[in-house]
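Engineer: Let me begin by handing over the structure; questions about it come next.
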Amino acid sequence: ETGVTQSPTHLIKTRGQQVTLRCSSQSGHNTVSWYQQALGQGPQFIFQYYREEENGRGNFPPRFSGLQFPNYSSELNVNALELDDSALYLCASSLGDRVHEQYFGPGTRLTVT
Amino acid sequence: RKEVEQDPGPFNVPEGATVAFNCTYSNSASQSFFWYRQDCRKEPKLLMSVYSSGNEDGRFTAQLNRASQYISLLIRDSKLSDSATYLCVVNFRQSMNYGGSQGNLIFGKGTKLSVKP
Numbered sequence: 041e042t043g044v045t046q047s048p049t050h051l052i053k054t055r056g057q058q059v060t061l062r063c064s065s066q067s068g069h070n071t072v073s074w075y076q077q078a079l080g081q082g083p084q085f086i087f088q089y090y091r092e093e094e095n096g097r098g099n100f101p102p103r104f105s106g107l108q109f110p111n112y113s114s115e116l117n118v119n120a121l122e123l124d125d126s127a128l129y130l131c132a133s134s135l136g137d138r139v140h141e142q143y144f145g146p147g148t149r150l151t152v153t
Numbered sequence: 063r064k065e066v067e068q069d070p071g072p073f074n075v076p077e078g079a080t081v082a083f084n085c086t087y088s089n090s091a092s093q094s095f096f097w098y099r100q101d102c103r104k105e106p107k108l109l110m111s112v113y114s115s116g117n118e119d120g121r122f123t124a125q126l127n128r129a130s131q132y133i134s135l136l137i138r139d140s141k142l143s144d145s146a147t148y149l150c151v152v153n154f155r156q157s158m159n160y161g162g163s164q165g166n167l168i169f170g171k172g173t174k175l176s177v178k179p
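Chains A and B supply the protein sequences, listed in that same order.
Quick note on numbering: the first sequence equals residues 41 to 153 in this note's numbering.
Quick note on numbering: the second sequence equals residues 63 to 179 in this note's numbering.
Structure below.
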């Protein structure tokens, strides 16, 4: 296993609600990247956190926000949930920008009804 | 145009077949290239990096053609356990204001492979 954990594993929310997803990175990794994978699609980059600061962002609206904590764990927050937010949310940890050593967690499957 | 495009699939092949996956990418400044494997309802896992000189890992061979912006993966003697979705992935590293860099993975849509007995 990668040592990257995510919680919860599954979540059902109603449109308009807010959600917080959590990720614990692999020991020694200081960078966390978040991805959204809709059904039948490849993962899409949401943003990356490096040493508690946002370090790049994909094409996602501001209602997608995040945090990284001193222990390098991370949260993804989504406000005003929409039906299209239903997806598998993956976090990946790495040391710096070593993307070839980016290890994924098992993901959180979010369903918005 | 999508940044990374793959064969739409799915591929249904018998055990022992040779399977080829093709992928093109649009950003000529892309710097790193990978194939990931994703089992149903699981996270993606790195299968292999792809180098310009081509590289092989057992039954798997990856090729990169930078001039054509084309990446391929060949699986020989396919096994039932090879059944999965294969994702073509590229990386473009951007310089950041603080002097460091940021790199994220850009995934294709994936091609599903089913190997049948």
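Positions of the beta carbon are idealized from the N, C-alpha and C atoms, including for glycine.
1. Can you say whether A:Cys63 is buried or exposed, counting buried as having 16 or more other CB atoms within 10 angstroms of its CB?
2. Name the chain A residues that come within less than 9 angstroms of B:Leu109, Cβ to Cβ?
3. If the criterion is Cβ atoms closer than 9 angstroms, does the pair A:Thr153 and A:Leu51 meet it?
4. Rounded to whole angstroms, what is the Cα-Cα separation between B:Gly71 and B:Leu175?
5. Measuring CA to CA, which of B:Val75, B:Ser88, B:Ala146 and B:Ser140 is closest to B:Asn127?
6. Which residue wins for smallest C-alpha separation from A:Phe100, given the options A:Asn111, A:Ser114 and A:Asn119?
7. Determine whether the beta carbon atoms of B:Val81 and B:Cys150 lie at a separation below 9 angstroms.
8. Which ranges would you report for the beta strand (DSSP E) in the stretch 75–134 of chain A if only whole runs of at least 3 residues count?
9. Hey, out of A:Leu135, A:Leu128, A:Gly68 and A:Thr71, whose CA is closest to A:Ala78's CA?
10. With a threshold of 9 angstroms between beta carbons, is A:Gln142 in contact with chain B?
11. Name the residue from A:Trp74, A:Pro48, A:Gln81 and A:Gln88 whose alpha carbon lies nearest to the alpha carbon of B:Lys171.
12. In the DSSP assignment, find the unbroken beta strand (DSSP E) run with A:Lys53 in it and report its ends.
13. Determine, using beta carbons only, whether A:Arg149 comes closer than 9 angstroms to chain B.
14. Taking the continuous beta strand (DSSP E) assigned at B:Thr80, which residues delimit it?
Structural biologist: Concretely, from the data shown:
1. Taking the first sequence and counting its residues from 1, one reaches residue 63 of chain A at position 23. Buried.
2. Sequence index remark: in the second sequence, residue 109 of chain B carries index 47 (1-based). Ordered by position in chain A, no residue passes the 9 angstroms Cβ test against B:Leu109, which lies about 12 angstroms from the chain.
3. Taking the first residue of the first sequence as position 1, residue 153 of chain A is located at position 113. Taking the first residue of the first sequence as position 1, residue 51 of chain A is located at position 11. Not a contact, by the Cβ cut-off of 9 angstroms.
4. Sequence index remark: in the second sequence, residue 71 of chain B carries index 9 (1-based). Sequence index remark: in the second sequence, residue 175 of chain B carries index 113 (1-based). Roughly 8 angstroms separates the two Cα atoms.
5. Residue numbering aside, residue 127 of chain B sits at position 65 when the second sequence is read from its first letter. For B:Asn127, the nearest C-alpha among the options comes from B:Ser88.
6. Taking the first residue of the first sequence as position 1, residue 100 of chain A is located at position 60. The candidate whose alpha carbon is nearest that of A:Phe100 is A:Asn119.
7. The residue labelled residue 81 of chain B in the question sits at position 19 within the second sequence. The residue labelled residue 150 of chain B in the question sits at position 88 within the second sequence. Going by C-beta atoms, B:Val81 is not nearer than 9 angstroms to B:Cys150.
8. 84–90, 93–97, 104–108, 114–118 and 127–134
9. Locating residue 78 of chain A in the first sequence gives position 38, counting from the first residue. Comparing Cα-Cα distances from A:Ala78 to each of A:Leu135, A:Leu128, A:Gly68 and A:Thr71, the minimum goes to A:Leu128.
10. Reading the first sequence from its first residue, position 102 is the one you call residue 142 of chain A. True, the Cβ-Cβ gap to chain B drops below 9 angstroms.
11. Counting from one through the second sequence, the residue named residue 171 of chain B turns up at place 109. Nearest of A:Trp74, A:Pro48, A:Gln81 and A:Gln88 to B:Lys171, Cα basis: A:Gln81.
12. The residue labelled residue 53 of chain A in the question sits at position 13 within the first sequence. A:Lys53 -> beta strand (DSSP E) spans His50 to Lys53.
13. Position 109 of the first sequence, counted from the first residue, corresponds to residue 149 of chain A. Yes, A:Arg149 lies at the interface with chain B (some Cβ there is under 9 angstroms from its Cβ).
14. As a first step, residue 80 of chain B must be located in the second sequence, where it is residue number 18. Per DSSP, B:Thr80 belongs to no beta strand (DSSP E) and is neither H nor E.
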